[in-house]
Each structure stands twice: as C-alpha cells, then as structure tokens.
Amino acid sequence: MDPISVLKTLWRHKWAALPIALLTIFACLYVMFFAQRTYEATMTYALLSPKVPTEAELQARPELAAVNGDNPYLRSGDRALLAQVLITKLGAQETAEQLASLGLGAEYTVAQSLSSGSGMLVEIAASGKSPAQAVDTATELGKRLNSTLRDVQTINGADDSYLYTALAIDGPGQAAEIFSSRLRTLIIVAVVGALLLFVSVSVARSVELARARRPVVEKPAKHLDRDADGRAEVTGVRAGRDHGAARQARRVERAEQAPAEPGPETSLVTVPDREVRSHRS
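Note that this note's numbering has the sequence shown beginning at 32, numbered continuously upward.
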C-alpha cells in the first residue's frame, strides 16, 4: 500500500484515527519533557595482588611461615577468576532486594572493565531516580564489593597479608542522566500508539465494509384490499404505525362509492335506436 492510499484511508476514518493520534502525541510529549528521569553513577575498582613473602624472606623471618596463607585464589592461574566471583556475588537477586529495602536503586551492573585485558578492573554502574540516589547506590555497591572480596578469600582463614584488595580508582563523582532510557521509553510509546492507530482504523474499515455488504430490505407496497363488506383496507402497512394510511383508505372508499355526476364540460350524445329507425321506414 502506497503512502497516498494510507493517508486517504486515515482521512476517511479520521474520527477513529484522530483520538488515538492525539493521545500518542501527548504521551510522547509527556515522556520527553515531564516523565521520570533516570540517572547513573559509575565507579571503577582495581584488584591488587597481595605481597606474598618470598623464600628468602621466609628463611630470614621464620615467623612468616607460621602465618596462614591459604587463599584459594592465589592458587588459580586465572587472574580474572576473582573478578568473576565478585560479579556473580554482587549481581545476585538478594543484593538487589537489599538495596531496594534501603531505599536505593535496584538497577545496576557490575562487570569487568573493557579497558583492562587482565580482568583485574571491576566497573560498577548504578542507576537511580535522582542523582543523589544513583551516587548512594554506587557507593553502597562499592562497600559490598570490599566486604565480599574479603569474605570469599578468608574461607580457609587466610591472613590479611595474603588477600587481594580493591582500590577505587574512579568515581562515583557526579551522576549523569541516561538519555537512552528516555529515548527507549519514547520509542515504546510511539510504537504502541502506532499499533493502536492501526487497530482502530482497521476496525472502522471493517465496519464500513460490513455495512456496504448488508442486503437492502424492500418495504412492502401499500395497496388497497376490500373485505367481504366492500370496505377498503390498506395492506402492507404495520398496525399502529400511523393513522395516515387509514384516512387515505377512507378517502378512496368514499370516492368509489360516490355517483358519477356530469361536469360542465361533459356532453351527452343521443344514439338513435335501430329498431325505431327501421319501423319508421
């Protein structure tokens, strides 16, 4: 269907399409200028490796050998393993529920920074309905990252000197508005409005076609019938419709019963009888 046909169809059913179009425009304007904004604050943490005593230091200071250094993540060859554990712990549904109970934002992301090839940089992005809420959410997630980092490493009672530590290298700073969120909502509203417009015009067009296909019912002709007494009756007229038909029937009956009177323009012609003419002759 070409655009001209679409415009013609919309104009033909403008009373069905106009309310939906106006409602969609008002909704888009509301989302663009008055709807709730979403703000985001980010923080970046670097995971620093512990300074493990060397063999020379252990021989020079025998007391270091008695310190519990059983940190399971020191035995892993993958340096990004600890970052993956932190991302999994902080991304759990339980953490989001706890943040919501504190009045903070429940929408956030914890991921490895793309700028770090070793996977030792963890980036936190927290969203909120206001700049202050976004900053507070990011700060709380940073605290939970440090506590979770310690808990997963001390599972075997490792000493602090054998633990990785988290160092904040960026943020949270000033929260910024997420324009993509507003744009996404605007697109959703526009698409829903277009679908409603299509449905309303389709229904109006279907009703129009159904009326066009409806068969025409012919009304019965009005004519006069006479009953056994010679009175005129109107048939094909519904009883109680009006008294006009009955009055018309009485007029016709009186006209038929009245004797025909010669008018002033009527001339009588006498026709002689053939028998009388032959007798005279």
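Ideal Cβ positions, reconstructed from N, Cα and C, are used throughout, including at glycine.
The residue from E154, E138 and A137 with its alpha-carbon nearest to that of L145 is E154.
The beta carbons of L176 and V141 sit closer together than 9 Å. Two segments are said to touch when three or more pairs of C-beta atoms, one from each, lie closer than 8 Å; by this definition the region 197-209 touches the region 68-78. Annotation: the continuous alpha helix (DSSP H) that includes L226 extends over F210 to A243. Under the three-state reduction of DSSP, G159 is assigned to strand. According to the DSSP secondary-structure assignment, E71 is paired through a beta bridge with S158 and A207.
By the Cβ criterion, the region 105-121 is not in contact with the region 226-236, since fewer than three pairs of Cβ atoms, one from each stretch, lie closer than 8 Å.
A residue is called buried when at least 16 other Cβ atoms come within 10 angstroms of its Cβ; E171 meets this threshold and is buried. Listed in chain order, the beta strand (DSSP E) elements of length 3 or more contained wholly in the region 63-149 are 70-79 and 139-143. For I200, the enclosing beta strand (DSSP E) covers residues T196 to D201. At the C-beta level, R213 and A66 come within 9 Å of one another. Ranked by Cα distance from R236, the first of T40, S36 and P162 is T40. Around the beta carbon of Y193, 16 or more other beta carbons sit within 10 angstroms, so the residue counts as buried. A189 is the residue among A189, A111 and I219 whose C-alpha sits nearest the C-alpha of A96.
A distance below 7 Å between beta-carbons, with the five flanking residues on each side excluded, links D167 to the following residues of its chain, in chain order: L135.
Boundaries of the alpha helix (DSSP H) around T40: P34 to R43. One thing to note: R181 has its Cβ no nearer than 9 Å to the Cβ of M151.
For L54, there are no CB contacts under 6 Å within the same chain when 5 residues up- and downstream are skipped. Contact annotation, Y76 with A157: C-beta distance approximately 13 Å; criterion of less than 8 Å not satisfied.
Between S107 and Y195, the CB-CB gap reaches or exceeds 9 Å. Within the same chain, and ignoring the five residues on either side of P84 in sequence, the residues whose Cβ sits closer than 6 Å to its Cβ are L95.
Here L60 is actually not in contact with L113; their C-beta atoms are around 49 Å apart, not less than 8 Å. Beta-bridge annotation (DSSP): V153 is paired with Y76 and Q143. Residue state for G173 is assigned as helix, using DSSP reduced to three classes. By the Cβ-count criterion, Q184 is buried, with 16 or more other Cβ atoms from all chains shown falling within 10 Å of its own Cβ. Counting C-beta atoms within 10 angstroms of its own C-beta, L121 has 16 or more neighbours from the protein chains shown and is therefore classed as buried. Taking C-beta atoms as the reference points, A169 and M74 count as a pair closer than 9 Å. Going by C-alpha positions, V220 is about 15 Å away from P50.
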